[in-house]
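Structure first, commentary second.
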Amino acid sequence: MAPPTDLHEEQKLQAVIIASCDQDFGAPITEDVPKVLVPLVNTPLLDYSLEWLERCGVDEAIVYCRADHHLNTLKAHCRAFTKRRGNQGCQGGEGGLRVMVVASDDCHSLGDAMRDLYAKSLLTGDFILLSGDSVVTLDLPSLVVQHRESRAADKSAIMTCVYMGEGAIAKGVKSGSAKDVKSGSGSGGGGAKTTTTTATLLVSAATGKRNHLLGGRAVAILDNFDYTSLDTLIRGVIEQEELLGYTIRCKVLEEGYAGRAASVDALLRVSGEVSRRRAHPLVPEISLSSHRVRYSHDACTATYWDPSAKFPKGPQVTGSVVGAACVVGGSTRLRDSVLGDHCCVGEDVEVVGSVLMQEVCIKAGCVLEDCLVGDRVVLGERVRVTAGCVLGKGVVLGPDVTLPPGTRLSAKPPAGDFGSDVEMEFRQEVQDSLNTALREESAPENIILEINSSRHAYNITMEDVLTTVVQGVLRAGQSRGDVMEGMWFRVKAALAAFQDVLRNYVKKGRDQIQVLNAIEALAQTSPPFLPLTKGILYELNQKYEILEDDVICHWYRGGGGRGGGVPLPQDCDSSLTNYP
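When we follow this note's numbering, the leftmost residue of the sequence shown carries the number 115, and every step to the right adds one.
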């Protein structure tokens with residue numbers, strides 16, 4: 115895809131790749147490697163973004179991440195990537211895409227990242243913003259030209275959203291059209307003001323999990339800019355349309371590919387789509403780092419393999435990728451799966467829809483379905499790994515073991531329930547405030563003031579605040595009163611005492627979804643709350659009207675209450691789906 119000759123005439127084109135400010139795969143996958151370096155079809159995720167940006171003529175890519183234990187690994191990978199391309203290194207040079215790694219100690223959200231880049235004056239002109247777990251093959255040069263034309267015609271159009279047209283994802287916008295996207299809320303953002311005029315381009319995949327690419331002259335850096343993702347960034351700009359006088363342009367595409375490996379399930383799905391060549395020209399047989407042919411390809415069976423691999427060729431192996439020096443038993447069946455380098459798979463093994471990383475050893479009689487297996491995992495004979503399971507690096511399992519769906523195993527001790535000391539301290543401080551308030555019957559406005567003070571002191575996003583408050587209210591009820599008193603009555607009393615506190619933080623439909631997700635997560639990690647789920651939902655919906663019927667039904671039908679392996683009671687299914 116050659117860029118138009120006028121793409122560089124106005125100014126150089128930059129890209130910002132957010133490497134660690136959004137969803138993570140979590141333990142055990144990212145214990146030893148950052149998310150953007152997790153392999154997708156035996157290629158690090160980040161390489162797909164860098165390759166696509168270079169093909170489209172982007173001059174410079176800024177990889178933005180947290181200054182954590184993965185930083186040196188990420189820097190080394192970027193240096194190696196540019197060196198293999200013949201560039202002069204990560205800090206710049208002529209002849210190709212320049213890659214710069216920028217890190218921050220206190221990056222907790224997309225808003226933090228963009229504010230930091232703006233303060234450091236690293237964004238010099240038009241730029242593209244995308245997640246590091248994206249795989250996109252859209253005609254970027256044409257989109258940039260159209261974006262600049264829209265911006266020239268309408269200065270209030272600060273953002274151009276580009277969607278992949280598939281039914282409901284297109285949200286009723288006619289294919290190929292460009293029109294203003296209006297906010298349904300009609301309310302502003304609490305007096306926030308911009309510090310710079312912006313122009314941005316957004317590309318979204320047709321998956322419901324949207325927002326892969328963003329670009330423009332500068333993203334709006336709001337005084338209260340704590341957006342956690344591209345979704346919340348777009349929503350925030352739309353909701354402040356009337357206050358700021360800005361609009362967002364929208365375009366729907368019918369060609370190209372856009373996918374995002376936001377979760378482990380999405381990683382498996384996108385892996386299959388890349389193997390089926392949906393992301394052409396980013397195909398498995400071509401190395402994205404060296405541009406050399408690395409795999410042979412059989413179009414009849416949709417199978418790719420390194421010449422050094424030994425495996426049964428024919429109908430037993432279909433839609434799969436077999437890495438270098440792999441040895442696969444003659445009676446083994448592989449379907450829609452990826453094997454990393456130096457894997458050894460015994461006889462009578464069945465691997466379906468799964469990803470095996472490097473040096474994995476699978477002994478005879480095993481069955482693997484829709485799972486992710488880390489480096490140097492060893493499975494004994496007759497081990498069954500079911501859908502949604504994730505095995506971390508170095509796990510040894512079996513023989514004769516069956517894992518329940520959604521199981522995660524790590525060879526290392528768990529790091530704890532909280533992502534950082536700061537988050538743990540914030541949650542403990544809020545929990546202490548709620549426990550004290552319940553005991554002393556404090557006024558709701560005083561409780562809210564304490565929580566907000568803690569939020570600003572620890573720089574916590576509103577999404578995390580809401581989750582912490584919901585779970586804190588329920589835990590406060592659990593810890594109150596005589597042990598002989600029923601736990602449900604204590605939780606019910608806590609909901610009554612804190613109903614106004616919850617209303618303060620639950621104002622829109624997406625807040626209600628956050629509440630439901632918080633309850634589900636608590637039921638998963640704290641089994642005593644599981645039988646109380648139905649009663650909690652009843653109180654919040656029927657008695658206090660904090661949760662709406664339609665939102666609960668939408669959440670439940672979309673997988674809420676059943677995702678993440680939470681075994682909600684059977685009667686909860688009928689009570690939710692039969693809401694009026």
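No residue lacks a Cβ here, since even glycine has one placed at the ideal position from N, Cα and C. Remember, it's a predicted structure, so these values are computed and weren't measured experimentally.
For residue i, the nearest candidate out of the options (CA to CA)
i: LEU188; options: GLY246, LEU382 and GLU464; result: GLY246
i: TYR619; options: PRO645, ILE565, LEU588 and GLN592; result: ILE565
i: VAL466; options: CYS475, CYS458, THR432 and GLY494; result: THR432
i: VAL491; options: THR516, ALA525 and CYS179; result: ALA525
i: ARG391; options: SER377, LYS365, ALA423 and ASP450; result: ASP450
i: THR521; options: VAL452, GLY506, PRO513 and ASP514; result: GLY506
i: ILE633; options: GLN585, LEU654 and ASP614; result: GLN585
i: VAL351; options: GLY225, CYS475 and THR639; result: GLY225
i: GLY370; options: SER256, VAL605 and ALA266; result: SER256
i: MET576; options: SER223, THR647, GLY140 and PRO429; result: SER223
i: SER218; options: LYS648, ALA266, ILE561 and TYR178; result: TYR178
i: LYS365; options: HIS261, GLN430, HIS394 and ASN549; result: HIS261
i: VAL147; options: HIS191, LEU164, CYS170 and GLU168; result: HIS191
i: LEU548; options: LYS648, VAL605 and ALA267; result: VAL605
i: ILE464; options: GLY488, GLY171 and GLN430; result: The displayed chain sequence assigns Glu, not Ile, to residue 464. The residue with the shortest Cα to Cα distance from GLU464 is GLN430.
i: THR446; options: VAL452, ALA478 and ALA416; result: ALA478
i: ILE476; options: GLN592, CYS458 and GLU537; result: CYS458
i: SER134; options: VAL216, ARG193, LEU164 and LEU154; result: VAL216
i: GLU537; options: TYR162, VAL150 and CYS221; result: CYS221
Proximity of residue i and residue j at Cβ, strictly below 9 Å
i: LEU231; j: ASP173; result: no
i: ALA175; j: ILE131; result: yes
i: LEU588; j: PHE643; result: yes
i: VAL276; j: LEU367; result: yes
i: ALA396; j: PHE425; result: The residue asked about is misnamed: residue 396 is Leu in this sequence, not Ala. Cβ atoms of LEU396 and PHE425: not closer than 9 Å.
i: VAL441; j: TYR418; result: no
i: TYR360; j: ILE242; result: no
i: TRP166; j: VAL249; result: yes
i: SER99; j: ALA372; result: Since the displayed the chain opens at 115 and closes at 694, residue 99 lies outside it and no answer follows.
i: PRO519; j: CYS503; result: yes
i: ALA423; j: ALA413; result: no
i: ARG198; j: GLU168; result: no
i: LEU254; j: GLY171; result: yes
i: ARG498; j: VAL515; result: yes
i: THR238; j: VAL213; result: no
Rounded C-alpha distance that separates residue i from residue j
i: GLN626; j: VAL152; result: 33 Å
i: LEU523; j: MET471; result: 15 Å
i: SER468; j: ALA637; result: 28 Å
i: GLY595; j: GLU145; result: Summary for GLY595: the model assigns pLDDT 46, below 50, so the residue's position carries little reliability, and this model does not support an answer.
i: SER104; j: THR251; result: With the chain covering 115 to 694 only, the question about residue 104 has no answer from this structure.
i: ILE666; j: HIS183; result: 40 Å
i: ILE757; j: PRO645; result: In the structure as shown, the chain begins at 115 and stops at 694. Residue 757 is therefore absent and cannot be evaluated.
i: VAL481; j: ASP420; result: 24 Å
i: ASP578; j: HIS456; result: 41 Å
i: ILE143; j: LYS269; result: 44 Å
i: TRP669; j: ARG553; result: 33 Å
i: GLU484; j: LYS427; result: Here the sequence assigns Asp to residue 484, which means Glu is not the residue at that position. So the two alpha carbons sit approximately 22 Å from each other.
i: LEU493; j: LYS622; result: 47 Å
i: LEU381; j: SER389; result: 12 Å
i: THR697; j: ALA590; result: This structure cannot settle anything about residue 697, because the visible part of the chain is limited to 115 through 694.
i: GLY454; j: GLU473; result: 7 Å
i: THR581; j: LEU244; result: 26 Å
i: ILE561; j: ASP535; result: 23 Å
i: ARG349; j: ARG624; result: 11 Å
i: GLY460; j: ARG496; result: 11 Å
i: VAL487; j: ASN631; result: 27 Å
i: LEU511; j: VAL629; result: 37 Å
i: ALA227; j: SER567; result: 23 Å
i: SER556; j: VAL615; result: 11 Å
i: LEU185; j: VAL452; result: 27 Å
i: ALA551; j: GLU559; result: 11 Å
Those residues which DSSP pairs with residue i across a bridge
i: LYS189; result: Answer by DSSP bridge pairing: none, since LYS189 is not bridged.
i: GLY373; result: VAL249
i: GLN128; result: GLU174 and PHE241
i: ASP412; result: THR417
i: SER218; result: ARG180
i: PRO153; result: PRO158
i: LYS424; result: VAL441
Contact the region 600–608 vs the region 559–579: 3+ CB pairs below 8 Å: Contact fails: fewer than three Cβ-Cβ distances are below 8 Å.
message: Counting beta carbon pairs with one atom in the region 650–662 and one in the region 604–611, are three or more of them shorter than 8 Å?
response: yes
- request: Pair every Cβ in the region 399–416 with every Cβ in the region 152–170, then say whether three or more of these pairs are closer than 8 Å.
  value: yes
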